[in-house]
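Q: Quick one: this structure, given as structure tokens, is what I'll be asking you about.
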Amino acid sequence: MKSTKITLLIATVLSTVMLSACGQAGSNNNATNSPKADTNTAGDGKEVELRVAWWGGQARHDKMNKLFDLFEEKHPNISVAREFTTENQYAEKINTQAAGGNAPDVIQTSSFFQHDFVTRDLMLELDPLVESGDLNTADFDPVDIGGGTVDDKLYAMSLGHNITGVLHNTAMFKKAGLELPKNNWTWDEYVASAKALQKSLGEDAWATEDEGGVYRTLELFIQQRGKSVFKDKGLGIEKQDLIDWFTFWDQMRKDGLTPPPSIQAEQGDKTQEQSMLARGKVAMISKSSNQLKIYQGSAKDELGIVSYPMDPNGKKDIPLIVASLGITKDSKHPKEAALLINFVVNDPDAAAIFKGEHGPQASKKMQEVIKPLLGAPEEKEYAFIGAMMASSKPYPAMPEGSTSVQKLLLSSNESIAFGKKSIPQAVDEFFQQADQILNR
Amino acid sequence: MSTLFNSKRWLWIIPYLFLTPWLIGILVFSMIPILTSLYLSFTNYNFVSSPDWVGLKNYLTLFNQDPQYVQAIKVTFTYVLVAVPLELMFALALALLLNKGISGLGVYRALYYVPSLIGGSVAIAILWQQVFGEHGIVNQVLGYAGIDMPSWVGTPDYAIWSIIFLKVWQFGSPMVIFLAGLKQIPQDYYEASSLDGAGRVKQFIHVTLPILSPIILFNAIMQIISSFQAFTPAYIISNGTGGPVNSTLFYTLYLYQNGFGNFQMGYASAMAWLLLIIVACFTGIIFFASKKWVHYED
Numbered sequence: 000m001k002s003t004k005i006t007l008l009i010a011t012v013l014s015t016v017m018l019s020a021c022g023q024a025g026s027n028n029n030a031t032n033s034p035k036a037d038t039n040t041a042g043d044g045k046e047v048e049l050r051v052a053w054w055g056g057q058a059r060h061d062k063m064n065k066l067f068d069l070f071e072e073k074h075p076n077i078s079v080a081r082e083f084t085t086e087n088q089y090a091e092k093i094n095t096q097a098a099g100g101n102a103p104d105v106i107q108t109s110s111f112f113q114h115d116f117v118t119r120d121l122m123l124e125l126d127p128l129v130e131s132g133d134l135n136t137a138d139f140d141p142v143d144i145g146g147g148t149v150d151d152k153l154y155a156m157s158l159g160h161n162i163t164g165v166l167h168n169t170a171m172f173k174k175a176g177l178e179l180p181k182n183n184w185t186w187d188e189y190v191a192s193a194k195a196l197q198k199s200l201g202e203d204a205w206a207t208e209d210e211g212g213v214y215r216t217l218e219l220f221i222q223q224r225g226k227s228v229f230k231d232k233g234l235g236i237e238k239q240d241l242i243d244w245f246t247f248w249d250q251m252r253k254d255g256l257t258p259p260p261s262i263q264a265e266q267g268d269k270t271q272e273q274s275m276l277a278r279g280k281v282a283m284i285s286k287s288s289n290q291l292k293i294y295q296g297s298a299k300d301e302l303g304i305v306s307y308p309m310d311p312n313g314k315k316d317i318p319l320i321v322a323s324l325g326i327t328k329d330s331k332h333p334k335e336a337a338l339l340i341n342f343v344v345n346d347p348d349a350a351a352i353f354k355g356e357h358g359p360q361a362s363k364k365m366q367e368v369i370k371p372l373l374g375a376p377e378e379k380e381y382a383f384i385g386a387m388m389a390s391s392k393p394y395p396a397m398p399e400g401s402t403s404v405q406k407l408l409l410s411s412n413e414s415i416a417f418g419k420k421s422i423p424q425a426v427d428e429f430f431q432q433a434d435q436i437l438n439r
Numbered sequence: 000m001s002t003l004f005n006s007k008r009w010l011w012i013i014p015y016l017f018l019t020p021w022l023i024g025i026l027v028f029s030m031i032p033i034l035t036s037l038y039l040s041f042t043n044y045n046f047v048s049s050p051d052w053v054g055l056k057n058y059l060t061l062f063n064q065d066p067q068y069v070q071a072i073k074v075t076f077t078y079v080l081v082a083v084p085l086e087l088m089f090a091l092a093l094a095l096l097l098n099k100g101i102s103g104l105g106v107y108r109a110l111y112y113v114p115s116l117i118g119g120s121v122a123i124a125i126l127w128q129q130v131f132g133e134h135g136i137v138n139q140v141l142g143y144a145g146i147d148m149p150s151w152v153g154t155p156d157y158a159i160w161s162i163i164f165l166k167v168w169q170f171g172s173p174m175v176i177f178l179a180g181l182k183q184i185p186q187d188y189y190e191a192s193s194l195d196g197a198g199r200v201k202q203f204i205h206v207t208l209p210i211l212s213p214i215i216l217f218n219a220i221m222q223i224i225s226s227f228q229a230f231t232p233a234y235i236i237s238n239g240t241g242g243p244v245n246s247t248l249f250y251t252l253y254l255y256q257n258g259f260g261n262f263q264m265g266y267a268s269a270m271a272w273l274l275l276i277i278v279a280c281f282t283g284i285i286f287f288a289s290k291k292w293v294h295y296e297d
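As they're listed, the protein sequences go chains A and B. Just so you know, we're using numbering that gives the first Met the number 0 here: the first sequence kicks off at 0 and counts up by one. Just so you know, we're using numbering that gives the first Met the number 0 here: the second sequence kicks off at 0 and counts up by one.
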């Protein structure tokens with residue numbers, strides 16, 4: 000009798016402990032969402048395991064998985080462990096992994112992080128691999144090579160290039176009786192369209208998301224004034240620039256053209272599937288051109304893309320964003336990593352799956368391969384890029400501490416939106432704190 | 000007689016030999032990192048170049064020039080001073096109820112304990128973000144009662160409350176400890192006091208609370224220390240930003256932003272050591288004050 004009780008007790012305790020341990024492990028995995036286990040099986044001869052990291056939403060995740068499954072079929076001795084996160088946590092994760100000597104072999108980068116990664120000595124120079132033929136850049140578009148170059152050395156192979164534009168819901172425009180916007184439209188036309196849209200959208204949807212706290216759109220606004228938000232290690236803007244920017248968005252909010260601040264704050268930076276554009280809650284949002292097809296995949300209405308509103312008297316240059324794949328400096332398998340990267344950017348079968356996920360692909364040959372496979376959103380995207388390419392320039396480099404300044408911009412905009420601070424006060428505090436952060 | 004190699008002389012070393020694995024663990028994984036972080040707090044360190052000694056600059060900047068640090072302290076103190084008493088009151092109330100001898104006590108105890116097991120997880124925090132969102136369950140239920148609230152997680156004045164409620168929801172852990180403590184109060188005291196004419200309230204104040212006081216002290220300290228360390232709910236519910244207008248910028252979240260967002264590791268280390276000092280002071284004050292109100296049975 001006694002031994003049965005004891006056995007039962009031990010069984011209960013063990014199962015509780017294992018369940019709670021599993022619970023902890025399960026919940027910890029939610030953030031990284033890696034479908035394959037991260038066990039290191041290297042060590043038995045030619046078998047190599049590569050770790051690849053990228054950012055995106057579920058749609059991109061599925062695409063990349065198909066891509067790497069195909070790679071594994073073609074190269075049975077290489078297994079690809081996949082790690083992916085959302086964009087706003089990506090740089091932190093990679094930098095932290097690298098600091099711990101635990102970075103993946105292949106990492107996705109973009110114009111936003113590239114400079115930072117290279118300064119941190121994270122990335123392997125790719126020129127030797129290009130010379131040895133492991134990486135092929137022969138028919139690459141020069142802007143793509145430039146996008147992966149820092150200080151005249153190649154660090155990353157471009158996956159595609161894109162430009163920020165205004166993604167808009169064409170059905171909502173038609174319902175408001177508006178003509179679809181044309182490239183190089185002005186700020187006045189933007190506001191007028193927003194007002195007309197809002198009239199027909201009523202109470203439950205809005206003309207545009209509140210972009211006053213978004214660094215990337217501020218950068219476009221500032222570029223039209225011939226400046227850039229960051230300059231060397233400090234700010235490149237003046238107080239009046241920021242006052243103008245905040246005043247513009249405050250007026251947009253007051254006119255009811257953006258969601259109320261609490262809804263905007265709750266929305267945060269969610270992925271495309273959960274975005275307000277896809278759910279039919281806003282008519283316009285500013286994002287990179289390559290995302291048009293991703294949003295279209297989750298949206299019911301037809302979406303279009305048009306350039307970011309222009310100041311007719313301002314500079315017309317638009318920064319170009321290049322997304323790429325690079326190899327980390329400490330990778331133990333640089334040749335295999337190069338094989339993987341070359342596959343993604345130069346293999347026709349890969350291109351058929353990848354289909355210009357980050358914009359028109361670097362290799363002209365691949366652009367030809369995917370041309371017949373492109374759907375309507377991609378055609379709009381390519382037409383947009385074709386029209387705007389001539390006035391593009393490289394993306395400005397971001398100094399250390401820029402992440403906090405971006406967060407500061409967001410909270411400053413929120414403090415104005417919620418009525419906690421006046422615009423001059425918010426701008427003064429922004430400059431004070433940004434200077435303090437960048438000079439720490 | 001050879002006393003040099005007499006085995007009895009070396010008996011004293013055996014316990015230390017057994018302790019060696021733990022000692023090595025605590026040294027390598029705790030002491031050395033802790034001391035390194037103390038050193039780093041006096042430097043500028045961004046992982047790329049070697050640490051750059053700056054003396055007290057980090058600490059002075061935190062106090063004099065960083066309004067976000069002041070905000071982080073405000074937010075964290077609000078959280079600790081509101082969530083912990085609320086949680087303990089709930090825990091004690093439920094423990095008292097369950098102590099009345101309901102059938103199925105084990106089931107209720109397990110059910111109430113489950114939030115404590117899963118509450119700190121990422122999944123629950125993501126769920127919480129939805130529950131307290133614009134159209135989440137909380138607002139829907141309040142809507143039926145005729146109360147029209149905006150999104151809790153999107154409004155600066157209410158966002159912190161969603162995180163406070165998450166903490167209070169995890170009352171199961173202190174509740175179980177209170178239950179155990181309640182069972183240890185001798186019934187004689189209640190009988191004797193009711194013979195003297197004490198009503199339920201007086202009994203609670205003069206019998207239950209004093210005898211429970213060591214357990215209240217224990218629960219208070221444990222919950223306060225864990226509240227100061229709260230990170231996951233704040234990070235997930237605010238999408239890593241520290242909430243609308245920094246209203247959920249918890250101390251640990253701000254530390255994380257400085258350390259892993261900006262890679263200003265020296266600054267973040269200084270914040271970590273200041274947190275240690277703050278928590279130590281708090282705990283010291285509580286222990287000191289406990290002499291007045293904690294009553295130990297002998």
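C-beta: ideal position from N, C-alpha, C; glycine also.
Does any C-beta atom of chain A lie closer than 7 Å to the C-beta of B:Glu-86?
A: no
Q: Does the CB of B:Ser-102 have a neighbour CB from chain A at under 7 Å?
A: no
Q: For A:Ile-317 and A:Ile-162, which I take to be in contact (beta-carbon distance under 8 Å), what is that distance rounded to the nearest angstrom?
A: 6 Å
Q: At a CB distance below 8 Å, what residues from the stretch 259 to 291 of chain B approach chain A? Give them in sequence order.
A: Phe-259, Gly-260, Asn-261, Phe-262, Gln-263, Tyr-266
Q: To the nearest angstrom, how far is the alpha carbon of B:Phe-89 from that of B:Ala-158?
A: 21 Å
Q: DSSP has A:Ile-441 in a bridge; who is on the other side?
A: Residue 441 of chain A is absent from the structure shown; chain A starts at 0 and stops at 439.
Q: Residue range of the alpha helix (DSSP H) that B:Thr-19 falls in?
A: 12 to 25
Q: Closer than 6 Å: is that where the CB of A:Asp-115 sits relative to any heavy atom of the ligand SAM?
A: The ligand SAM is absent from the structure shown, which contains no ligands of any kind.
Q: Along the stretch 93 to 109 of chain A, where does the CB come closer than 9 Å to a CB of chain B? Name the residues.
A: Asn-94, Thr-95, Ala-97, Ala-98
Q: Can you tell me the Cα-Cα spacing of A:Lys-65 and A:Lys-73, whole angstroms?
A: 13 Å
Q: Mind checking which residues open and close the beta strand (DSSP E) that includes A:Pro-393?
A: 391 to 393
Q: With a 10 Å radius around its C-beta and 16 neighbouring C-beta atoms as the bar for buried, classify B:Tyr-143 as buried or exposed.
A: exposed
Q: Please list the terminal residues of the continuous beta strand (DSSP E) segment that includes A:Ser-323.
A: 317 to 326
Q: Could you check the C-alpha separation between A:Ala-195 and B:Phe-281 for me, to the nearest Å?
A: 58 Å
Q: Taking A:Ile-450 and A:Thr-207 to be in contact with their CB atoms under 8 Å, please state how far apart those CB atoms are, rounded to whole angstroms.
A: With chain A covering 0 to 439 only, the question about residue 450 of chain A has no answer from this structure.
Q: Of all the residues that make up the stretch 22 to 46 of chain B, which are near chain A by a beta-carbon distance shorter than 8 Å?
A: Asn-43, Asn-45, Phe-46
Q: Relative to chain B, which residues along the stretch 70 to 91 of chain A have a C-beta separation below 8 Å, given in chain order?
A: Asn-87, Gln-88, Glu-91
Q: My guess is that A:Glu-335 and A:Val-47 are in contact by the Cβ rule of under 8 Å, so how many angstroms apart are they, rounded?
A: That belief holds up - the Cβ atoms of A:Glu-335 and A:Val-47 are roughly 5 Å apart, short of 8 Å.
Q: For A:Gly-233, list the residues DSSP reports as bridge partners.
A: A:Lys-230
Q: In whole angstroms, what separates the C-alpha of A:Ser-78 from that of A:Gly-100?
A: 21 Å
Q: Can you tell me which residues form a DSSP beta bridge with A:Asn-161?
A: A:Ile-320
Q: Counting only beta-carbon atoms, is B:Pro-114 nearer than 7 Å to chain A?
A: False, the Cβ-Cβ gap to chain A never drops below 7 Å.
Q: Tell whether a beta-carbon distance below 7 Å holds between B:Ala-82 and B:Pro-232.
A: no
Q: Identify every residue that forms a DSSP beta bridge with B:Asp-51.
A: B:Asn-43
Q: Which residues bound the beta strand (DSSP E) around A:Lys-286?
A: 281 to 287
Q: Buried or exposed: which applies to B:Val-113, given that a residue is buried once 16 or more other Cβ atoms fall within 10 Å of its Cβ?
A: So B:Val-113 ends up on the exposed side.
Q: Let me know the secondary structure DSSP gives B:Trp-160 once reduced to three states.
A: helix
Q: Would you check if the distance between the CB atom of A:Phe-229 and the CB atom of A:Ser-401 is smaller than 7 Å?
A: yes
Q: Determine the direct distance from the alpha carbon of A:Lys-92 to that of A:Asp-37, and round the result to whole angstroms.
A: For A:Asp-37, the predicted structure reports a pLDDT of 39, less than 50, and the residue's modelled location is therefore unreliable. A value from the coordinates is still provided. Cα-Cα distance, rounded: 16 Å.
Q: Please report how far the alpha carbon of B:Ser-246 lies from the alpha carbon of B:Leu-95, in whole angstroms.
A: 35 Å
Q: Using a Cβ-Cβ cutoff of less than 7 Å, which residues in the same chain neighbour B:Met-264 once the five nearest sequence positions on both sides are dropped?
A: Leu-39, Tyr-44, Asn-45, Phe-46, Gly-258
Q: DSSP three-state call for B:Asn-237: helix, strand or coil?
A: It should be pointed out that residue 237 of chain B corresponds to Ser in this sequence rather than to Asn. Coil.
Q: Excluding the five sequence neighbours on either side, which residues of its own chain have a C-beta within less than 8 Å of the C-beta of A:Ala-58, listed in chain order?
A: Gln-271, Glu-272, Ile-293, Gly-296, Ser-297
Q: Across which residues does DSSP place A:Thr-185 in a beta bridge pair?
A: A:Met-309
Q: Starting from the Cα of A:Tyr-129, find the closest Cα among A:Ile-340, A:Ile-352, A:Val-281 and give me that residue.
A: The amino acid at residue 129 of chain A is misidentified as Tyr; the sequence shows Val. Of the candidates A:Ile-340, A:Ile-352, A:Val-281, the residue whose Cα lies closest to the Cα of A:Val-129 is A:Ile-340.
Q: Here's the rule I'm using: 16 or more other beta-carbon atoms within 10 Å means buried, otherwise exposed. How should A:Ser-131 be labelled?
A: exposed
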